[in-house]
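In our numbering, the protein residues as written are -9 to 145.
Even for Gly, the Cβ is constructed at its ideal location relative to N, Cα and C.
Structure first, commentary second.
Written out as structure tokens, the structure is:
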């Protein structure tokens, strides 16, 4: 999977990038998964948040995730809005995205624990990248989720 990656704070996103990522998030979470929720959750803009975008050779957004880096007393990186474009599933794009997210988190916060709220049916996908389930399955927006954590190993 040959994607070009960027990891940007909200202020550095172009209008086209912002529109494309919001469109993909809506397409996947609201339309495809039939979840009615407020995607514009005020968690995109803080200065400690990064947007990971994977684009193909034509500049089309194929993969996306949001990372909230540790700030103030927080000791965790929170990974959210992890997705691949529907037409890119099964191509390895999601695995490439997770490798990029782990790389960016290690670069920015090597001693932090990473946390995500993963859809339960993707538990094995996240487990393949080193995430470990924490606690019980719970409902979030009508879909089963589970908290999963990842801790970097000392080099």
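Out of the options, which one is the CA nearest neighbour of residue i?
| i | options | result |
| --- | --- | --- |
| residue 54 | 83, 30, 67 and 112 | 83 |
| residue 92 | -2, 121 and 133 | 121 |
| residue 25 | 132, 14 and 102 | 132 |
| residue -2 | 10, 27 and 56 | 56 |
| residue 76 | 16, 4 and -8 | 16 |
Do you know how far the Cα of residue j is from the Cα of residue i?
| i | j | result |
| --- | --- | --- |
| residue 125 | residue 89 | 24 Å |
| residue 21 | residue 72 | 16 Å |
| residue 45 | residue 69 | 19 Å |
| residue 81 | residue 61 | 34 Å |
| residue 74 | residue 52 | 6 Å |
| residue 140 | residue 64 | 15 Å |
| residue 3 | residue 11 | 10 Å |
Are the Cβ atoms of residue i and residue j separated by less than 7 Å?
| i | j | result |
| --- | --- | --- |
| residue 95 | residue 106 | no |
| residue 99 | residue 67 | yes |
| residue 108 | residue 78 | no |
| residue 41 | residue 59 | no |
| residue 5 | residue 86 | no |
On the DSSP bridge list, what partners appear for residue i?
| i | result |
| --- | --- |
| residue 50 | Residue 50 pairs with nothing; no bridge assigned. |
| residue 92 | DSSP output for residue 92 lists no bridge partner at all. |
According to the neighbour-count rule (16 or more other Cβ atoms, all chains shown, within 10 Å of its Cβ), is residue i buried or exposed?
| i | result |
| --- | --- |
| residue 43 | buried |
| residue 128 | exposed |
| residue 111 | exposed |
| residue 49 | exposed |
| residue 116 | buried |
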